[in-house]
Amino acid sequence: MESSSGSGASPKLVHSLLERVNRIVDELCRDREGINLMEVCGTHTMAISGFGIRQAVDKRLKLLSGPGCPVCVTTQEEIDGAIGLAENPDITLVTFGDMMRVPGSRCSLEQEKAKGADVRVIYSAMDALDFADAENGRQFVFLGIGFETTAPTVAAAVLAAQHRGIENLSVLPMFKLIPPALEKIVSSKRVNISGFILPGHVSTIIGTRKYQFLVEKYRMPSCITGFEASDIVQGIYMLLKQMKEGPEVAIQYRRIVRPEGNPEARHIMETVFEPVDAAWRGIGMMPGSGLGFREDFGLFDAHKRFEFKPRKPRKTGCRCGEVMLGLITPPECKLFGKICTPEMPVGPCMVSSEGACAAYYKYERRND
Amino acid sequence: MCLGIPVRIVELNRDTAIGEVGGVQREISVMMTPDAKVGDYVIVHAGFAIQIVDQEEAKENLRILEQMARAVDEKREKVRRRKNARG
Chain A
1 MESSSGSGAS
11 PKLVHSLLER
21 VNRIVDELCR
31 DREGINLMEV
41 CGTHTMAISG
51 FGIRQAVDKR
61 LKLLSGPGCP
71 VCVTTQEEID
81 GAIGLAENPD
91 ITLVTFGDMM
101 RVPGSRCSLE
111 QEKAKGADVR
121 VIYSAMDALD
131 FADAENGRQF
141 VFLGIGFETT
151 APTVAAAVLA
161 AQHRGIENLS
171 VLPMFKLIPP
181 ALEKIVSSKR
191 VNISGFILPG
201 HVSTIIGTRK
211 YQFLVEKYRM
221 PSCITGFEAS
231 DIVQGIYMLL
241 KQMKEGPEVA
251 IQYRRIVRPE
261 GNPEARHIME
271 TVFEPVDAAW
281 RGIGMMPGSG
291 LGFREDFGLF
301 DAHKRFEFKP
311 RKPRKTGCRC
321 GEVMLGLITP
331 PECKLFGKIC
341 TPEMPVGPCM
351 VSSEGACAAY
361 YKYERRND
Chain B
1 MCLGIPVRIV
11 ELNRDTAIGE
21 VGGVQREISV
31 MMTPDAKVGD
41 YVIVHAGFAI
51 QIVDQEEAKE
61 NLRILEQMAR
71 AVDEKREKVR
81 RRKNARG
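Those protein sequence lines, which keep their order, are chains A and B.
1 is the number of the first residue of the first sequence in the UniProt record's numbering; add one for each residue after it.
1 is the number of the first residue of the second sequence in the UniProt record's numbering; add one for each residue after it.
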């Protein structure tokens, strides 16, 4: 075993686990047609495809991808708003790399950059501070995309900017919160879900409490799961056990996730941001499912600093919205692999390295 | 995007640390993991350590998995013997 954070499980252990999983599936399917488990984390999407877990489990067990990729759930309007800012020669856009190629109604940030817009890719929100500090005559806007894992890091950068007196940096908040999306999916009953493979790193921050409604209100098996093959198969095993023995919010990824989450990270996030209503691609408006600036930090809000012109969204036939709700698998979209590929993506699920369409394209595309 | 990378802390200086992964070092913020010590592994997301890896939990889980694997092996062996006895 490597002495880092790996699960340390050998392939043989994974095989034993799979055998056990398939045995329980067989048992559970005596009185039901099939079992649908949904993951809501782009890294799980990639891992399930990449390790071939979908093919290794009994066919009656379906693994569906939920709205777990931050870029994918960002609406066309939000993306257009960001791209619109890039067109302003007085503004430098600062972003995580996965936003660059997402198509807006007319073009992507990458295309704007090629035309001369100042768009810079960074690894940490803290990097934006140094840019803004070095050119204080220019406006810098950071694209605040991500879930509960990323929002605290951006909040920390805002606090640092305030501390350093940096005034030419703002954030365009497009953050999304996972629990309200889960509730929407469970309550809509459009997909019959038997359990949730809950995200490992979102849960590192929020812990188990925010998921309790899944068990208390919906009797839904739930398991916070890690990212190695053994983690995912064990998480599936724990969910199937819950189907037999009763639901709970379990933690498979115990080496990282504590039941209370990370209170320090939450404190930083809640100092700067507060829940707001937000629209998700494919799902629509959900109360309290996004994060906006608290009044004290309004100066950092790009929405208040700049004007946004709404643009009419382009109709493409893209079905990312349905893919993200588990209503269809990527190959069921007519554009998949034909008009829409990672080289020429039409929808965000094909662009993002964590999107369900990109995962299927890379690992599960049949060559027929 | 939520790809957390395990990084070993090799140097600590209040809110920042030097983390090492695969021989590469870079500065990370440890403001969200105030208990982190030199030698700890932390999960790093977008430049911030978001949690300390609990090595005891990792070992405990491995023990559970090994136990499960043994049970699976035993069951398989039982089924095989039963088949042989019949056949």
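Glycine included, each C-beta is placed from N, C-alpha and C at the ideal position.
Chain A contact residues for residue i, given Cβ-Cβ distances below 8 Å
{"i": "I43(B)", "result": "S5, H201, T204, I256"}
{"i": "G47(B)", "result": "Y123, S124, A125, M126, D127, T153"}
Chain A residues whose Cβ lies nearer than 7 Å to that of residue i
{"i": "E57(B)", "result": "R254, R255"}
Exposure of residue i, with buried meaning 16 or more beta-carbon neighbours within 10 Å
{"i": "A134(A)", "result": "exposed"}
{"i": "residue 372(A)", "result": "A question about residue 372(A) goes unanswered here, because the residues of chain A that appear run from 1 up to 368."}
{"i": "E354(A)", "result": "buried"}
{"i": "L299(A)", "result": "exposed"}
{"i": "S7(A)", "result": "buried"}
{"i": "Y123(A)", "result": "exposed"}
{"i": "K12(A)", "result": "exposed"}
{"i": "N61(B)", "result": "buried"}
{"i": "V24(B)", "result": "exposed"}
{"i": "E39(A)", "result": "buried"}
{"i": "V158(A)", "result": "buried"}
{"i": "S188(A)", "result": "exposed"}
{"i": "Q51(B)", "result": "buried"}
{"i": "E245(A)", "result": "exposed"}
{"i": "S3(A)", "result": "Legend: pLDDT at S3(A) = 40, less than 50; position of this residue unreliable, value from coordinates given subsequently. That one is exposed."}
{"i": "A17(B)", "result": "buried"}
{"i": "V73(A)", "result": "buried"}
{"i": "V42(A)", "result": "Before going further, note that residue 42(A) is Gly rather than Val in the sequence given. With 16 or more Cβ atoms within 10 Å of its Cβ, G42(A) is classed as buried."}
{"i": "Q55(A)", "result": "exposed"}
{"i": "V79(B)", "result": "exposed"}
{"i": "H44(A)", "result": "buried"}
{"i": "Q67(B)", "result": "exposed"}
{"i": "residue 388(A)", "result": "Chain A is shown only over 1 to 368; residue 388(A) falls outside these bounds and no answer can be derived."}
{"i": "R76(B)", "result": "exposed"}
{"i": "V7(B)", "result": "buried"}
{"i": "E74(B)", "result": "exposed"}
{"i": "G50(A)", "result": "exposed"}
Under 8 Å from the C-beta of residue i: neighbouring residues of chain B
{"i": "N262(A)", "result": "M32, T33, I50, Q51"}
{"i": "A156(A)", "result": "S29, M31, M32, F48"}
{"i": "K244(A)", "result": "None at all; the shortest Cβ gap to chain B is about 16 Å."}
{"i": "S230(A)", "result": "L65"}
Member of the options whose CA lies at the smallest distance from the CA of residue i
{"i": "K304(A)", "options": "K210(A), I283(A), G292(A), H267(A)", "result": "G292(A)"}
{"i": "L172(A)", "options": "T329(A), A86(A), I24(A), K244(A)", "result": "A86(A)"}
{"i": "F227(A)", "options": "V25(A), Q252(A), V102(A)", "result": "Q252(A)"}
{"i": "P89(A)", "options": "H163(A), V158(A), E183(A), Q139(A)", "result": "Q139(A)"}
{"i": "E351(A)", "options": "R60(A), D98(A), A56(A), E27(A)", "result": "Going by the sequence as given, residue 351(A) is Val instead of Glu. Nearest of R60(A), D98(A), A56(A), E27(A) to V351(A), Cα basis: D98(A)."}
{"i": "L169(A)", "options": "K176(A), F147(A), N136(A)", "result": "N136(A)"}
{"i": "M286(A)", "options": "P180(A), E19(A), A47(A), I48(A)", "result": "P180(A)"}
{"i": "G195(A)", "options": "F175(A), I224(A), I53(A), M174(A)", "result": "I224(A)"}
{"i": "L18(A)", "options": "A69(B), A36(B), E56(B), D54(B)", "result": "A69(B)"}
{"i": "residue 371(A)", "options": "Q162(A), T150(A), I48(A)", "result": "Because chain A spans 1 through 368 in this model, residue 371(A) falls outside it and cannot be assessed."}
{"i": "A358(A)", "options": "C29(A), I48(A), H15(A), E33(A)", "result": "I48(A)"}
{"i": "L28(A)", "options": "A9(A), K59(A), I53(A), P103(A)", "result": "K59(A)"}
{"i": "Y211(A)", "options": "E260(A), I256(A), A229(A)", "result": "E260(A)"}
{"i": "I166(A)", "options": "F297(A), P348(A), F336(A)", "result": "F297(A)"}
{"i": "L69(A)", "options": "L240(A), L177(A), R294(A)", "result": "Note on residue identity: the sequence assigns Cys, not Leu, to residue 69(A). Closest by alpha carbon: L177(A)."}
{"i": "R281(A)", "options": "P67(A), Q111(A), V202(A)", "result": "P67(A)"}
{"i": "E78(A)", "options": "R30(A), P310(A), I268(A)", "result": "P310(A)"}
{"i": "L61(A)", "options": "I24(A), R219(A), T75(A), T208(A)", "result": "I24(A)"}
Beta bridge counterpart(s) of residue i as assigned by DSSP
{"i": "L169(A)", "result": "F140(A)"}
{"i": "K176(A)", "result": "G290(A)"}
{"i": "F336(A)", "result": "C340(A)"}
{"i": "Q51(B)", "result": "I43(B)"}
{"i": "residue 402(A)", "result": "Because chain A in this structure spans residues 1 to 368, residue 402(A) falls outside the shown range and cannot be described."}
{"i": "V94(A)", "result": "R120(A), F142(A)"}
{"i": "L182(A)", "result": "BP columns for L182(A) are empty, so no partner."}
{"i": "L198(A)", "result": "I224(A)"}
{"i": "V71(A)", "result": "In the DSSP output, where bridge partners are listed per residue, V71(A) has none listed."}
{"i": "E9(B)", "result": "Rather than Glu, the amino acid found at residue 9(B) in this sequence is Ile. According to DSSP, which records beta bridges pairwise, I9(B) is partnered with G19(B)."}
{"i": "G284(A)", "result": "W280(A)"}
Interface partners of residue i on chain B, CB under 9 Å
{"i": "R365(A)", "result": "Result: empty, since nearest Cβ-Cβ is about 23 Å, beyond 9 Å."}
{"i": "L17(A)", "result": "L65, M68, A69, V72"}
{"i": "G8(A)", "result": "A58, K59, N61, L62, L65"}
{"i": "L291(A)", "result": "In chain order: nothing, as chain B lies at least about 15 Å away."}
{"i": "R120(A)", "result": "The contacting residues do not exist; R120(A) stays about 15 Å from chain B at best."}
{"i": "Q234(A)", "result": "N61, I64, L65, M68"}
Partner residues on chain B for residue i, Cβ-Cβ distance less than 7 Å
{"i": "T271(A)", "result": "Going along chain B, no residue has its Cβ under 7 Å from T271(A), so there is no contact; the nearest lies around 12 Å."}
{"i": "L85(A)", "result": "Near L85(A) there are no residues of chain B at all, since even the closest Cβ is about 21 Å away, more than 7 Å."}
Beta-carbon neighbours of residue i, restricted to chain A and to distances below 9 Å
{"i": "D40(B)", "result": "Correct list: empty, because the minimum Cβ distance to chain A is about 10 Å."}
Exercise. In the region 63-81 of chain B, which residues sit with their C-beta less than 9 Å from some C-beta in chain A, listed in chain order?
Worked result: I64, L65, E66, M68, A69, R70, A71, V72, D73, K75, R76
Exercise. Given a limit of 8 Å on CB to CB distance, which residues of the region 44-56 of chain A reach chain B?
Worked result: none
Exercise. Given a limit of 8 Å on CB to CB distance, which residues of the region 158-176 of chain A reach chain B?
Worked result: none
Problem set entry | Contact residues within the region 126-151 of chain A, judged by C-beta distance below 9 Å to chain B | M126, D127, I145, G146, F147, T149, T150
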